[in-house]
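**Q**
Protein chains in written order, with my numbering: chain W, 1 to 244; chain Y, 245 to 415.
1. Which residues does DSSP pair with residue 211 of chain W in a beta bridge?
2. Can you confirm whether residue 306 of chain Y, when its beta carbon is compared against all beta carbons of chain W, has any partner nearer than 8 Å?
3. In terms of alpha-carbon separation, which member of W/40, W/164, W/234, W/206 lies closest to residue 149 of chain W?
4. Mind checking whether residue 195 of chain W and residue 220 of chain W have CB atoms under 8 Å apart?
5. With H, G and I counted as helix, E and B as strand and the rest as coil, what does DSSP make of residue 367 of chain Y?
6. Just to confirm the assignment, what range does the alpha helix (DSSP H) spanning residue 37 of chain W have?
7. Quick check: is the beta carbon of residue 302 of chain Y nearer than 8 Å to any beta carbon in chain W?
8. Applying a beta-carbon distance threshold of less than 9 Å, which residues of chain W neighbour residue 372 of chain Y?
9. Going by C-alpha to C-alpha distance, which of W/142, W/162, W/17 sits closest to residue 32 of chain W?
10. Considering just the uninterrupted stretch of the alpha helix (DSSP H) at residue 384 of chain Y, what are its terminal residues?
11. Per DSSP, what kind of secondary structure is residue 297 of chain Y in: helix, strand or coil?
12. Relative to the C-alpha of residue 305 of chain Y, which residue among Y/277, Y/368, Y/290 is closest?
13. Using C-beta distances below 6 Å, list every residue in its chain close to residue 364 of chain Y, excluding the 5 sequence neighbours before and after it, in chain order.
14. In terms of residues, what are the limits of the beta strand (DSSP E) holding residue 172 of chain W?
15. Just mark residue 15 of chain W as buried or exposed, buried being the case when its beta carbon has 16 or more other beta carbons within 10 Å.
16. Tell me whether residue 156 of chain W sits in a helix, a strand or coil according to DSSP, three-state version.
17. Going along chain W, which residues have a C-beta under 7 Å from residue 398 of chain Y?
18. Are the CB atoms of residue 188 of chain W and residue 323 of chain W within a distance shorter than 8 Å?
19. Counting only Cβ pairs nearer than 9 Å, list the residues of chain W close to residue 274 of chain Y.
20. At the level of alpha carbons, what is the spacing between residue 127 of chain W and residue 185 of chain W?
21. Here's the rule: buried if 16 or more other CB atoms are within 10 angstroms of the residue's CB, otherwise exposed. What is residue 345 of chain Y?
22. Below 8 Å, how does it come out for the stretch 344 to 360 of chain Y and the stretch 280 to 294 of chain Y: are there three or more Cβ pairs, yes or no?
23. Taking C-alpha atoms, which residue in W/237, W/155, W/161, W/216 lies nearest to residue 135 of chain W?
24. Please name the residue in W/151, W/226, W/181, W/225 whose C-alpha comes closest to that of residue 234 of chain W.
25. Let me make sure I understand the geometry here. Which of W/23, W/27, W/206, W/9 has the alpha-carbon closest to that of residue 120 of chain W?
26. Would you kindly report the start and end of the unbroken beta strand (DSSP E) that includes residue 192 of chain W?
27. Looking at the C-beta of residue 144 of chain W, does it have a partner C-beta in chain Y at a distance below 8 Å?
28. Taking only the alpha-carbon atoms, compute the straight-line gap between residue 238 of chain W and residue 183 of chain W and give it to the nearest angstrom.
29. Residues in its own chain within less than 7 Å of residue 245 of chain Y by CB, not counting five upstream and five downstream?
30. Relative to the alpha-carbon of residue 379 of chain Y, which residue among Y/403, Y/402, Y/311, Y/401 has its alpha-carbon at the smallest distance?
31. Which residues in chain W sit within 7 Å of residue 251 of chain Y, going by Cβ to Cβ distance?
32. Is it right to say residue 223 of chain W is buried, meaning 16 or more other beta carbons lie within 10 angstroms of its own, or is it exposed?
33. Report yes or no: is there a C-beta of chain W within less than 8 Å of the C-beta of residue 375 of chain Y?
34. Are the CB atoms of residue 262 of chain Y and residue 275 of chain Y nearer to each other than 8 Å?
35. Using three-state DSSP, classify residue 166 of chain W as helix, strand or coil.
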């Protein structure tokens, strides 16, 4: 193997290794030095490409932040972070399957809200921290989430938003909000494009909620205590504008 | 993966996809558009994903194709790479990070035909054979482009060029 061939290979793949290449490197000091240089450079390239920083968890969370920090990504190198479904959410998947099956038995009114409720509750299992928020989300952060979801919403009508996250749900981006009400926090998911014919209440998985028709689709409102969703539902419907 | 698992996985992948798209597009807004469209395409095509072990490469390929489909012909020019780097990471001014910062700017300045295979290889984890298949090139041509890309970056690290211009690209 000639030096030019070796360097062309190492310049393209600094960690390449085979018997012929290794034999050449064992005898050629210049090419061995070139490999050391290329591996040093490669470490620099990897560090340079590990940008923007990627934070673990969902990349669209914008709780208490603005758009620039919302789109900052985790410190782990791309490719080294295992997908969440392979690492730590097995319990959530199992719970969601069980809940979905149970809800399928509970809601058989044929109005479409049953399966949707099951999916909403399954989704909630993946974001337990959403309930912990207590500080108001900046308007810019809420705007970012709503823009990504294509939803128009009048914040003044809705109340104080303490969590805002653009979630990928049933093939669409939807706003997942936590709103502070006089009775306590409620979760609101605006499900644009979903169709339900009537209000569908549900109580399962530690949640008390309702799926209801709303401008542009449907809306889900959930609470952890019974009897707290009627007024928030009224306000959410009033806050939602028809899509363009 | 069932639909719920797929949805959660896809949502969790978004930061990595955005990073990958940003290196291809060199524009935050374009990268976000590409990723959003790619995720929707992936959702619609989720039944095609039979091997969960290949999921990452599958979705990165969708992102790359989406970028090519939407923007490659436009060849968006980023006029101020330094401003882009500074806007994306203003905390990166520490002296010990200066070399990485310069390398980052140098990679962003690489022509797309060199930057794309490099990003696919280092960030995406694609083999040269996979890159060749995806870009419609021979494996030899990909090796040449990767060599030339790194050769241009050697100077940033204070290393002399080894004569990339002497390397002919295979058809």
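The beta-carbon is built from N, C-alpha and C at its ideal position, and this holds for glycine as well.
**A** So, to answer that:
1. Position 211 of the first chain, counted from the first residue, corresponds to residue 211 of chain W. BP columns for residue 211 of chain W point to W/200, W/220.
2. For the purposes of this step, residue 306 of chain Y is identified with residue 62 of the second chain, where counting begins at 1. For residue 306 of chain Y, no CB of chain W lies under 8 Å from its own CB, so it is not counted at the interface with that chain.
3. Locating residue 149 of chain W in the first chain gives position 149, where the first residue counts as 1. Here the closest residue by C-alpha is W/164.
4. Mapped onto the first chain, residue 195 of chain W falls at position 195. Mapped onto the first chain, residue 220 of chain W falls at position 220. Against a cut-off of 8 Å, the Cβ pair of residue 220 of chain W and residue 195 of chain W comes out as no contact.
5. As a working mapping, residue 367 of chain Y is identified with position 123 in the second chain. The DSSP-derived three-state label of residue 367 of chain Y is coil.
6. Reading the first chain from its first residue, position 37 is the one you call residue 37 of chain W. Residues 29 to 49.
7. Your numbering for residue 302 of chain Y matches position 58 in the second chain. With 8 Å as the cut-off, residue 302 of chain Y does not count as an interface residue toward chain W.
8. Position 128 of the second chain holds residue 372 of chain Y. Those are 12, 13, listed as they occur along chain W.
9. Residue mapping note: residue 32 of chain W aligns to position 32 of the first chain, counting from 1. Closest by C-alpha distance to residue 32 of chain W, out of W/142, W/162, W/17, is W/17.
10. Reading the second chain from its first residue, position 140 is the one you call residue 384 of chain Y. Residue range 383 to 398 is occupied by the alpha helix (DSSP H) that includes residue 384 of chain Y.
11. The sequence position of residue 297 of chain Y within the second chain is 53, counting from 1. Residue state, collapsed to three classes: helix.
12. Locating residue 305 of chain Y in the second chain gives position 61, counting from the first residue. It is Y/368.
13. Taking the first residue of the second chain as 1, we reach residue 364 of chain Y at position 120. Excluding positions up to five away in sequence, the list reads 370, 375.
14. For the purposes of this step, residue 172 of chain W is taken as residue 172 along the first chain, with counting starting at 1. Taken as a continuous stretch (DSSP letters only), the beta strand (DSSP E) holding residue 172 of chain W covers 172 to 181.
15. For the purposes of this step, residue 15 of chain W is identified with residue 15 of the first chain, where counting begins at 1. By the neighbour-count criterion, in which 16 or more other beta carbons inside 10 Å mark a residue as buried, residue 15 of chain W falls on the exposed side.
16. The count along the first chain starts at 1 and reaches residue 156 of chain W at position 156. Residue 156 of chain W falls in the helix class under three-state DSSP.
17. As a first step, residue 398 of chain Y must be located in the second chain, where it is residue number 154. Here the neighbours are 41.
18. Because chain W is modelled from 1 through 244, residue 323 of chain W falls outside the range shown and cannot be assessed.
19. Counted from its first residue, the second chain places residue 274 of chain Y at position 30. Against residue 274 of chain Y, chain W offers no close residue; the least beta-carbon distance is about 13 Å (beta-carbon pairs closer than 9 Å).
20. On the first chain, position 127 is the one that residue 127 of chain W refers to. On the first chain, position 185 is the one that residue 185 of chain W refers to. Each residue's Cα considered, the two are about 15 Å apart.
21. Taking the second chain and counting its residues from 1, the one referred to as residue 345 of chain Y is at position 101. Residue 345 of chain Y comes out buried.
22. Verdict: no, contact absent.
23. For this step, residue 135 of chain W is matched to residue 135 along the first chain. It is W/161.
24. Reading the first chain from its first residue, position 234 is the one you call residue 234 of chain W. The candidate whose alpha carbon is nearest that of residue 234 of chain W is W/181.
25. As a first step, residue 120 of chain W is located in the first chain; it is residue number 120 there, counting from the start. The candidate whose alpha carbon is nearest that of residue 120 of chain W is W/206.
26. For the purposes of this step, residue 192 of chain W is taken as residue 192 along the first chain, with counting starting at 1. First-last of the beta strand (DSSP E) with residue 192 of chain W: 184 to 192.
27. One-based indexing of the first chain puts residue 144 of chain W at position 144. So, not an interface residue.
28. Residue 238 of chain W sits at position 238 when you count from the first residue of the first chain. Residue 183 of chain W sits at position 183 when you count from the first residue of the first chain. Distance between the alpha carbons of residue 238 of chain W and residue 183 of chain W: 19 Å.
29. Along the second chain, read from residue 1 onward, the residue named residue 245 of chain Y stands at position 1. Only 253, 296 meet the Cβ criterion.
30. Within the second chain, the letter at position 135 stands for residue 379 of chain Y. Out of Y/403, Y/402, Y/311, Y/401, the CA that lies nearest to the CA of residue 379 of chain Y is found in Y/311.
31. Here residue 251 of chain Y corresponds to residue number 7 of the second chain, with the count starting at 1. Contact of residue 251 of chain Y with chain W by beta-carbon distance below 7 Å involves 168, 169.
32. Taking the first residue of the first chain as 1, we reach residue 223 of chain W at position 223. Under this definition residue 223 of chain W is a buried residue.
33. What you label residue 375 of chain Y is simply residue 131 of the second chain in a count that begins at 1. In terms of beta-carbon proximity, residue 375 of chain Y stays away from the interface with chain W, with every pair separated by 8 Å or more.
34. Along the second chain, one-based indexing puts residue 262 of chain Y at 18. Along the second chain, one-based indexing puts residue 275 of chain Y at 31. Cβ distance < 8 Å, so residue 262 of chain Y and residue 275 of chain Y count as in contact.
35. Sequence index remark: in the first chain, residue 166 of chain W carries index 166 (1-based). Strand.
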